[in-house]
Every structure is written in C-alpha cells, then in structure tokens.
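For the protein sequence lines, the chains are A and B, in the order given.
Each step along the first sequence adds one to the number in this note's numbering, with nothing skipped, and position 57 is 57.
With the second sequence counted from 1, adding 1000 to any position gets you this note's numbering.
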Amino acid sequence: MRAVEIDGRGVMEAAMAHVVAGHPRCGVLHGHTVSLSMRIEADKLDSMGFVIDFTKVKPAMKGALAILDHQGLVVAGAMCEAVDTEGRILVHNEDEVYDLPGDEVVMLPIPAATAEALAAWAGTQIWKQIPDEDLERITYAEVTFWETPNTGATFVIRERRAEY
Amino acid sequence: MSDESLGNIKERAEACQRCPCAQSRRRVVIYRGMVEPRILFVGQSPGPREDELGVPFVGPAGSLLDEAFGIYHVDSYGVINIINCFPPNNKFQESFGIACQPFLVDKLKVFLPGARYLVTLGRDAEKAIWEVQRLYPGLFQHLTLHHIIHPAAVLRNPGWRSKWDGDWREFARKVHESS
Chain A
1 MRAVEIDGRG VMEAAMAHVV AGHPRCGVLH GHTVSLSMRI EADKLDSMGF VIDFTKVKPA
61 MKGALAILDH QGLVVAGAMC EAVDTEGRIL VHNEDEVYDL PGDEVVMLPI PAATAEALAA
121 WAGTQIWKQI PDEDLERITY AEVTFWETPN TGATFVIRER RAEY
Chain B
1001 MSDESLGNIK ERAEACQRCP CAQSRRRVVI YRGMVEPRIL FVGQSPGPRE DELGVPFVGP
1061 AGSLLDEAFG IYHVDSYGVI NIINCFPPNN KFQESFGIAC QPFLVDKLKV FLPGARYLVT
1121 LGRDAEKAIW EVQRLYPGLF QHLTLHHIIH PAAVLRNPGW RSKWDGDWRE FARKVHESS
C-alpha cells in the first residue's frame, strides 16, 4: 500500500461564517478560518510513479474552499427561504431570522453547517474532480475539514475493501 | 477487521469436510466488501460464479445487489453467506447451514462489533441469523436487524421486484434517518 497526504492547514484556507442551529454556543453567528487535508491510498502507482499527482487533487481542494471563502454565511439549504425576486434570503435560525442578500448566503445541500457535514460535502466536491483512471487505483481516501488548526472532522470518501 | 481472522477462517474452511459441499465446491467463498463495514449483508450460499471466483455475490444476484447499493447510496457494506461453499446441484439444504454455523459465527464475530446494521437476504439467512442470535445475543445488542428478499429470488420471479424495491426503500430510510 502506498499513500499520500496533503495538509492544507496554514497554506490552503477559507474564511467563512456559519451557524449551527440549536447549538448553545455555535448557534450564534460566528466565523472560522477553515482548511482541508486529505489522505489517499493506492495499491499501485500510476505511470509517473505517483499514488496520485498532487496537481490533480490540490485544485479540487482549493475549488471546494473557494465556494466557502468570503462568500457570506454558510448554511444548510433547509434553513433558507427565498422572500422576493430581488434575491433576498431569510435564514431561519431557531427563533431568529437573518434577512440577507442572496449572494451573501452559501446554501449547501447539507443537514447542518457542522464540520462533519462540511467534510462530507467537501469530499464529494473533490471526488467529482478526480479522473477515472486514478479512481480505479485508489483504495482509500479521506478528507478532514479543519474548523481550527487543531479541530476537524474527517469524512471517509472511499473505504478500504477486502475479498476473501 | 482483522485480516488474520479472515485469513484463518478461509484456511480452516478450505480444509473443512463437515458436509457434502466439500465435494461440490471449487473454492471457498468468505467475504467481499469494506474492511470495516457499517452494514453487513448475509445471503444463503455461493452460486456457480462465486464458486469459480471465490468471492461472494459476484454473479447475477450480486449485480442486482450492487445496483441497489448504488441506487440507495450504501457505501459501507460487506457481504457474506451462511455457508462458505457451492452446494451440490446448487441446492441449499438446512443441514449445510448447521454444519457451517461455526464458520458463520466466526465471520459475524469479525464484522459485527464494528457494524451498525445486519441485513439478511432471504428466509434461509434470516433463520440462520435468528439461531446465532439465540446462541450469542451479545453479538447483536448494538445492531439494527433488517430483512430483504434475496436478489436471486427476484431474478427467478420478476414479479417480486416491487417487494425488493420496497424492502430497500424501507431499509434506506432507516439508515439515512439515523445518519
């Protein structure tokens, strides 16, 4: 088994605001400088001798972060309500409602804007960008969404397989 | 999952002469799936294709099962059968299940501690699992059990396709609601 790791902490980051509805502390609007890291394993190397060429993975990681970076409030789509044709959005957070311009709300198809859900969302975004010839060789892949440099949630994109 | 445990089970199964399947098999068929599956599927017995390749659910029934994994977004799965060997004339008998029960228990001991769901495919698997559950209730304490019609039954009788779809929809709802 061969493996590569890409740790984006400190070098590949996004500034985002979020709110986790119902949480006593994280239910209040707040922000993080977030980052991603990945581990990818393969049983055999490609023709260049790589587990996977970093240049195929890093742009995908940066692409996921760019969707979040300085784009406004990151929330679960279900919390949002379109109110008019001007594009304003109401974000329902328990008893509070935020009235925001639509282009300042990042509505994601996730159950809540937790690090766990954002890791799964980012993993799916990144995975779509990996070429098929690499997907065939990859035996394991995980992505960690770091909310702070030492607090993150990991999503396993592809689990290790076995046959007996 | 311990590779050593599964390797050991396979070695012992290859030497097993406990029932007539020892004469009808070409290869023993133990497991296919993730190293640490969240959902363990239990079928009845290997078919001709499985016997040829030594891997469970790789024939037509396996294709139907894989199709369901895709449709219902089941990523973390493992599949085993209640017996390890292709039975004579491709006909399962309860006595083969009884002879193979120690192996079934060993396979369950490898996978169940890390699993959250156990899904039986077909009545024979369901009955075999009930019996193991009676003998080893502790193995099942943390698990949610679910039953789905066997994919081979759907292939034999296309009229059961709607039951297959219904069983899967119910299972998928259960899994996705709790995740």
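Just so it is clear, CB atoms sit at the ideal spot from N, CA and C, and this is done for glycine as well.
For the alpha helix (DSSP H) containing residue i, list its first residue and its last residue.
i	result
B/Ile1129	Arg1123 to Leu1135
B/Cys1085	Taken as a continuous stretch (DSSP letters only), B/Cys1085 belongs to no alpha helix (DSSP H), as it is neither H nor E.
B/Val1154	Pro1151 to Arg1156
With DSSP collapsed to three states, give me the class of residue i.
i	result
B/His1176	helix
A/Thr139	strand
B/Phe1092	coil
A/Arg39	strand
A/Cys80	strand
A/Phe145	strand
B/Phe1057	coil
A/Asp69	coil
B/Val1035	coil
A/Ala21	coil
A/Val91	strand
Please work out which residues of its chain come closer than 8 Å, Cβ to Cβ, to residue i, disregarding the five sequence neighbours upstream and downstream, and give them in chain order.
i	result
A/Lys56	Gln129, Ile130, Pro131 and Asp134
B/Pro1056	Val1029, Ile1030, Tyr1031, Arg1032, Gly1043, Pro1046, Glu1050, Gly1062, Val1079, Ile1080 and Asn1081
Shorter than 8 Å from the beta carbon of residue i to some beta carbon of chain A?
i	result
B/Arg1033	Note on residue identity: the sequence assigns Gly, not Arg, to residue 1033 of chain B. Taking Cβ atoms only, chain A reaches closer than 8 Å to B/Gly1033, which makes this a yes.
B/Lys1010	yes
B/Asp1075	yes
B/Leu1006	yes
B/Val1055	yes
B/Ile1039	no
B/Ile1030	yes
What first and last residue would you give for the beta strand (DSSP E) that runs through residue i?
i	result
A/Asp99	Glu96 to Pro101
A/Glu116	Element bounds for A/Glu116: not the beta strand (DSSP E) but the alpha helix (DSSP H), Ala115 to Trp127.
B/Ala1022	Where B/Ala1022 is concerned, there is no enclosing beta strand (DSSP E), although the alpha helix (DSSP H) it sits in stretches over Cys1021 to Ser1024.
Does any C-beta atom of chain B lie closer than 8 Å to the C-beta of residue i?
i	result
A/Glu163	yes
A/Arg9	no
A/Glu159	yes
Below 7 Å CB to CB, which residues in the same chain sit around residue i once its five sequence neighbours on both sides are set aside?
i	result
B/Asp1075	none
A/Arg9	Ser35, Ser37, Trp146 and Pro149
A/Arg160	Thr139 and Tyr140
Going by beta carbon distance, what residues of the same chain come within less than 6 Å of residue i, once the five residues before and after it are set aside?
i	result
A/Ala141	Ile40, Ile157 and Arg158
A/Ala172	Because chain A is modelled from 1 through 164, residue 172 of chain A falls outside the range shown and cannot be assessed.
A/Tyr98	Val91
B/Gly1114	Glu1036
A/Gln125	Ala64
B/Ser1005	Val1110
Going by the CB atoms, is the gap between residue j and residue i shorter than 8 Å?
i	j	result
A/Val34	A/Glu147	yes
B/Asn1090	B/Pro1048	yes
A/Met38	A/Glu5	yes
B/Lys1174	B/His1146	yes
B/Pro1151	B/Leu1118	no
A/Leu73	A/Val28	no
A/Ala21	A/Asn93	yes
A/Ala42	A/Val51	yes
B/Ser1024	B/Pro1102	no
B/Ile1148	B/Phe1171	yes
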